[in-house]
Amino acid sequence: MRNRTRKILIGLLTATIIAGGTGLPAYCGPSGPLQGKAELLKFRNATASQVLSAEGEPIGRFFIENRTNISYGQIPQYMINALVATEDARFFEHAGVDYRSLFRVLFKTILSNNRRSGGGSTITQQLAKNMYGRRHYAIFSVFRNKMKEIFLASRLEKVFTKEEIITLYLNTVSFGENVFGIEAASQLYFNRNTENLKIEEAAVLTGMLKATTYYNPHLNPENASSRRNVVLRQMEKYKYLTVAKADSLCQLPMVQHYSRLAAGGPADYFLVQVKAEAQSILKEIYADTKKKWNIEEDGLVLTTTLSLPLQKCANEAFARHLPVMQAKLNKQYSSASAKKSLGEISDSLREALTTLQAGLLAVDPRSGAVRAWVGGIDFRTQPYDQVSARRQLGSVFKPVLYAAALEEGMEPCQYLDNDSVTLSGFKDWSPENYDHSYGGKYSLAGALVKSMNIPTFSLFLNVGFEKVDMLWRQMGFSFPLDNTPSLALGTAEASIREVAVAYSSFANGGYKITPQCIASIKTSDGQVIWQNEFPESSERVITERSSLLMNAMLQKAIRNGTGASLYSVYGVSVPLAGKTGTSQNYADAWFAAYNPDMVIVSRVGASSPTIHFNSGSDGSGSALALPLVALTLKKAESYPELKEMLSTDFPALPPELAVMLDCPDFRETNFFDRLIDLFQKDEITYDPENRKAVHKVKSILEKIFRK
């Protein structure tokens, strides 16, 4: 007994000395005194900003700490009961510090060396630690931090009510996985709001506070179930639950609905664009008002332009089509000769090289509002956004050339030569049609509908590089054009985003748009910080005449040309115009479709152009890229609101323009054509120094005798 008494006295003396030696520094602190009433009242948690779809559905969050603050009224009473029963049974009786518990810990932990006696901290003390953290000091860090929390807890009890302390605590506490606060935890682990939690779910979250990883219901469900039952028994012990109710709840299986939007969400690539756009908007707001907003801390609500149903349709299209095509490409490169062509590389690198990448973008051609954005096949493993990647366009470029021709006054029924042409001075380069045919003449409209290369090259020579280059830049393309003969066939490079912007000018009557992702930004309490009015563009890039004629020709390309499978195979019914594109050696496949309500563009291809399909049956725009758009639209038609949005027809052509399309797409060369040819320039050479094609004029006699 004497030894025990002596040990207790020594312990009390030691504790007194330590408290005295650390209490004053803890109270004053090396950086000044403890936080006062004014500073405590100003305390705000770093709160995650929520990102919503156009329909108001959550699609993501931006945060330093993943947190959504809630009010006391949103917390169920049984959540509060579970917390108090488990963490601080005398919470409503003490004034911030439970001295009975504190001395119990002192004697059992320090004097009896019983480390399982608990920490002795009240909810208020834990709140103090959550609010301001702990610092590392040169000596007695644990005691100095503990003393600081005791002093702060006393102040908190004088500044806030018990209800406010409970609310602050549940909004600040960590639940693991970089999730803070009860609301974010409820959403993550049970996919529901705090106010809708069940009693047993509230017990699971309360139990996690002891060890957020060990009792994580997603990572360790058995541990979480056991700890949940401990919490339920504590609630029974303190008369918050009857014995029968506790028994019943303890028998329930562990059920969770884990929902982590931050990884594998429906629009991860889109969220990157939203964040960049929001930061730009907030920077402008600061310049005007000097009010600084932080997207990762201020709990803003960003409502976007994204149609979540359409986004899901696009995601499903990717999941359905790309694995089929990937299997075909894998089979092609599994042969011995294909492996040899790849050289001596490891299996993982070969898999990376032969992986098909893809992107899809849908925008409103009038407002620029982004409706769907699929930037790749998997954001976690393939984070590079294919919507912004620049690749060779193939025939998707041709409408730019044909629009330039219409801007110069040409008409859809003007005929273009389909004769074989060889360029001297350019390695005897010769354009070829996809079907290797030549001869006769195609109307300008027919050549575009059938995507004929030789007539398109003839048109390029008539229009001239300068006119095409000027329209290219006006339409919003950033990559400079190279004045080479092959440009006419689509060797230019651009991104999916730029193609969507360019084709929007066909759909909206001739105006350039800017894709926009955000509709509004609000505070968590609903105050509007910024509202997008979506003003109509006034930057005209082509005339209304050219726009209407392009619409008519490209509608025909969908009905009767390379995009016909959209209707005949996939059963899409909404009115559309559009164009397929296939780059050299089937390296990239494109498809662009549109109507007055939507422009939707897709592209598919491996990371390197050297990896590609060997034939057009698999690697062409109609086989590889078109199905992504077709499957998206076909699925979208099953949603009434999307079907209505997509069903707006093109405006009717006025009679004076309709007559311009009243001609056959193709006709054979006749006597008058041959006679006219005698008086026209017909030999083409390439000037390598000036990098352009030139005509060489021959006399009529030379032409007659040559023929």
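Residue numbering for the sequence shown follows this note's numbering, starting at 1048 and increasing by one per position. Just so it is clear, CB atoms sit at the ideal spot from N, CA and C, and this is done for glycine as well.
Nearest CA to the CA of residue i: which residue from the options?
i	options	result
Leu1217	Leu1700, Ala1452, Tyr1119 and Lys1375	Tyr1119
Cys1710	Tyr1462, Glu1540, Leu1595 and Thr1350	Tyr1462
Leu1369	Tyr1686, Arg1592 and Gly1652	Gly1652
Phe1138	Gln1298, Gln1172, Ile1122 and Ala1547	Gln1172
Val1421	Ala1436, Pro1412, Arg1413 and Ser1414	Ala1436
Ala1672	Leu1613, Val1588 and Met1499	Leu1613
Ser1552	Ala1451, Glu1242, Tyr1485 and Leu1708	Ala1451
Leu1087	Lys1193, Arg1114, Leu1203 and Glu1134	Leu1203
Arg1108	Val1616, Pro1313 and Tyr1380	Pro1313
Ala1636	Thr1627, Leu1400, Met1707 and Lys1330	Thr1627
Gln1373	Thr1561, Ala1405 and Phe1504	Ala1405
Gly1415	Gly1487, Ser1585 and Ser1490	Ser1585
Gln1578	Thr1352, Pro1356, His1141 and Ala1095	Thr1352
Tyr1316	Glu1230, Asp1482 and Leu1407	Leu1407
Asn1263	Ser1327, Tyr1285 and Glu1224	Glu1224
Lys1338	Phe1524, Thr1570 and Arg1114	Thr1570
Pro1123	Tyr1236, His1141 and Thr1241	Thr1241
Arg1367	Gln1320, Ala1539 and Ile1424	Ile1424
Gly1487	Gly1083, Met1499 and Asp1466	Asp1466
Leu1534	Gln1326, Lys1205, Leu1199 and Leu1508	Leu1508
Gln1756	His1265, Arg1275 and Cys1460	Outside the displayed span of the chain (1048 to 1754) sits residue 1756, for which this structure offers no information.
Glu1211	Gln1121, Gly1254, Tyr1179 and Met1282	Gln1121
Thr1531	Ile1565, Pro1478 and Gly1456	Pro1478
Can you tell me whether DSSP reads residue i as helix, strand or coil?
i	result
Ile1186	In this prediction, Ile1186 has a pLDDT of 48, which is less than 50 and means its spatial position is unreliable; what the coordinates show is noted afterwards. In the structure shown, Ile1186 sits in coil (DSSP, three-state: anything other than H, G, I, E or B).
Gly1625	strand
Lys1488	strand
Met1645	strand
Ala1699	coil
Gly1652	strand
Phe1365	helix
Lys1340	Position check: residue 1340 holds Trp in this sequence, whereas Lys was assumed. Three-state result, Trp1340: coil.
Thr1214	helix
Ala1764	Because the chain in this structure spans residues 1048 to 1754, residue 1764 falls outside the shown range and cannot be described.
Thr1350	strand
Leu1495	helix
Phe1138	coil
Arg1714	strand
Phe1317	helix
Val1278	helix
Ser1221	strand
Asn1263	coil
Arg1606	helix
Gly1239	Note on identity: in this sequence residue 1239 is Arg, with Gly being the wrong assignment. In this structure, Arg1239 counts as coil in the three-state DSSP scheme.
Arg1202	helix
Arg1587	strand
Asn1113	strand
Ala1258	coil
Tyr1014	One cannot answer for residue 1014 here, as it falls past the ends of the chain, which runs 1048 to 1754.
Does the Cβ of residue i have 16 or more other Cβ atoms within 10 Å, making it buried, or fewer, making it exposed?
i	result
Pro1527	exposed
Arg1427	exposed
Leu1099	buried
Arg1147	exposed
Ala1789	Residue 1789 falls outside the range modelled here, since the chain spans only 1048 to 1754, and no answer is possible.
Arg1520	exposed
Gly1573	exposed
Arg1755	What the structure shows of the chain is the stretch from 1048 to 1754, and residue 1755 is not part of that stretch, so it cannot be assessed.
Glu1196	buried
Arg1091	exposed
Thr1289	exposed
Pro1698	exposed
Leu1396	exposed
Lys1497	buried
Asn1607	exposed
Glu1688	exposed
Tyr1236	buried
Tyr1285	exposed
Could you name the residues that DSSP lists as bridge partners for residue i?
i	result
Thr1094	Asp1345
Arg1108	Gln1097
Ala1639	Lys1626 and Val1648
Phe1227	Ser1221
Taking 7 Å as the cut-off, does the CB of residue i come closer than this to any heavy atom belonging to the ligand SAH?
i	result
Thr1253	Because no ligand of any kind appears in the structure shown, any question about the ligand SAH cannot be addressed here.
_Continuous beta strand (DSSP E) assignments of at least 3 residues falling wholly in the stretch 1557 to 1585_ = The stretch 1557 to 1585 contains these whole beta strand (DSSP E) runs: 1565 to 1569 and 1575 to 1578.
Which parts of the stretch 1399 to 1475 are runs of the alpha helix (DSSP H), unbroken and 4 residues or longer, counting only runs that do not cross its ends? Counting only runs of 4+ residues, the alpha helix (DSSP H) found wholly inside the stretch 1399 to 1475 occupies 1445 to 1454, in chain order.
Which runs of the beta strand (DSSP E), 3 residues or longer, sit entirely within the stretch 1492 to 1557? Taking only runs of at least 3 residues, no beta strand (DSSP E) segment lies wholly in the stretch 1492 to 1557.
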